[in-house]
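S.K.: Chains as they are written, first to last, in our numbering: chain A, 15 to 166; chain B, 15 to 166.
2 protein chains.
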Amino acid sequence: MKLEQAIQSVNFKNETHKAGLNILYTAWWLKTLMSKELKSFGLTHEQYNVLRILKGKSPEEMCVKDIACRMIEKSSNVPRIIDRLVIKKLVRRSNDANDKRHTVMSLTEAGLNILSLSTQKINHVFEKTILMNEASAAELNNLLELIRENES
Amino acid sequence: MKLEQAIQSVNFKNETHKAGLNILYTAWWLKTLMSKELKSFGLTHEQYNVLRILKGKSPEEMCVKDIACRMIEKSSNVPRIIDRLVIKKLVRRSNDANDKRHTVMSLTEAGLNILSLSTQKINHVFEKTILMNEASAAELNNLLELIRENES
DNA sequence: AACAAATACATGTATATACACATAATAAAA
DNA sequence: TTTTATTATGTGTATATACATGTATTTGTT
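(1) Can you give me the start and stop residues for the alpha helix (DSSP H) that A/ARG66 sits inside?
(2) If distances are taken between C-alpha atoms only, which option among A/THR40, A/GLN61, A/SER130 comes closest to A/ALA20?
(3) Would you identify the three-state DSSP class for B/LEU121, choosing helix, strand or coil?
(4) Does A/ILE136 come within less than 7 Å of chain B when only Cβ atoms are used?
(5) Given a cut-off of 7 Å, decide if A/ALA33 and B/LEU154 are closer than it, judged by their beta-carbon atoms.
(6) I'd like the list of long-range same chain contacts for B/HIS116, defined as Cβ closer than 7 Å, with 5 residues on each side in sequence excluded.
(7) Can you grab the Cα-Cα spacing for the pair B/GLN134 / A/SER120, in whole Å?
(8) Taking the alpha carbon of B/GLY24 as the reference point, which residue from A/ARG84, A/GLU60, A/VAL24, A/GLU75 has its own alpha carbon closest?
(9) Which residues, in chain order, does the stretch 67-92 of chain A contribute to contact with chain B at a C-beta distance below 9 Å?
(10) Within 10 angstroms of its Cβ, does A/LEU38 collect 16 or more other Cβ (buried), or is it exposed?
(11) Name the two residues that bound the continuous alpha helix (DSSP H) containing A/SER150.
(12) Shortest alpha-carbon distance to B/LYS103 belongs to which of B/HIS138, B/LEU129, B/LYS88?
(13) From the DSSP output, in three-state form, read off A/ASN28 for me.
(14) Report buried or exposed for B/GLU51, applying the criterion of at least 16 other Cβ atoms within 10 angstroms of its Cβ.
(15) Which first and last residues belong to the beta strand (DSSP E) in which A/ARG106 is found?
(16) Distance check for B/LYS79 and A/ASN36, CA to CA, integer angstroms please.
(17) On the criterion of 16 or more Cβ atoms from any shown chain inside 10 Å, does B/ARG94 qualify as buried, or is it exposed?
(18) Does the distance from the CB of B/GLU148 to the CB of A/GLU29 come in under 7 Å?
(19) Nearest to A/LEU157 by alpha carbon, out of B/GLU159, B/SER150, B/ARG162?
(20) Run through DSSP, which three-state label would B/MET48 get?
(21) For A/CYS77, write down the residues that DSSP places opposite it in a beta bridge.
And the structure:
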């Protein structure tokens, strides 16, 4: 769907302005698709993101800061997302003996299982719902990284 | 900045998978830039979006539904965003005489003024911070609309 | 006209975002 | 070594998101 239809507007100053809104809209669209899949596991988008990050270092433990800097949305409140994962027994939380300021997290068996199942669903979104070949995707990646070149 | 640096990950299944995460991260990055500008006006990103939509039809009035279908993030709770704009006297809310189910909104003078000033700041973000020429932006728009071709 | 269905909006709840601030622990400096 | 600064995390608040449900109003059907 064209952006013009999606947000019922035609008043873009130029292509760059339209691209900005297009990125925001596409992100919302993608997040909605993913959340729909995650719902059957009782996971939110950000909870899934934390599980995925923990898996990356598994079975190593990770502290809050290391998780936070890997989040897609940097302003996420990681301690509270973890609170909910701990309640659901998907994540284990304990204190670091070396540095008592640290709290360290790791996946439980249940966390590993639910991550594995939900990742299948997420991969399905990327493989089947997103209509894009590898060359186009590579080009898109270049353009997005070009946009952020002046990352402040 | 490369996505790999931004989220400290290199485990992308393929370019399409990376593109998905890249869109989500770029949207967060852009939203953060815009919110930083809006903060000096006491506006949130979504409040700004509602003001912008109302301006599009101004001086005509708009009902909640018409605003909602123009929002970038469709799951926004428009009545409550308007609550806050009414408290700040940027938006006027009244009942529609023809259909009493409708609530109709329009910008106040203060709303028009703050929108005009904040839009200057937002345009500045697009013109000066986003590093992209018109041809690249047009290509990016094509790719984003290609990704959403299977819009469900 | 009376009833059922649809529409528009408001409201409630759990979670997340964005950001400020508090607290405890460690590192650095005097 | 005492003081100061920094770091890591937790907590608080206002707003937003995602979604379910309630309520008034209008429309369609008989």
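Idealized CB from N, CA, C, for every residue including glycine. Fair warning: this is a prediction, and the values are worked out from it, not measured in the lab.
M.R.: Looking at the coordinates:
(1) 59-71
(2) A/THR40
(3) strand
(4) no
(5) yes
(6) Here the set comprises CYS77, ASP110.
(7) 46 Å
(8) Looking at the sequence shown, residue 24 of chain B is not Gly but Val. It is A/ARG84 whose Cα lies nearest to the Cα of B/VAL24.
(9) For the stretch 67-92 of chain A, which is checked against every Cβ of chain B, the residues closer than 9 Å are ILE67, GLY70, ASP80, CYS83, ARG84, MET85, ILE86, GLU87, LYS88, SER89.
(10) buried
(11) 148-161
(12) Checked all of B/HIS138, B/LEU129, B/LYS88; the closest Cα to B/LYS103 is B/LEU129.
(13) coil
(14) buried
(15) 105-109
(16) 21 Å
(17) exposed
(18) yes
(19) B/SER150
(20) helix
(21) A/VAL118
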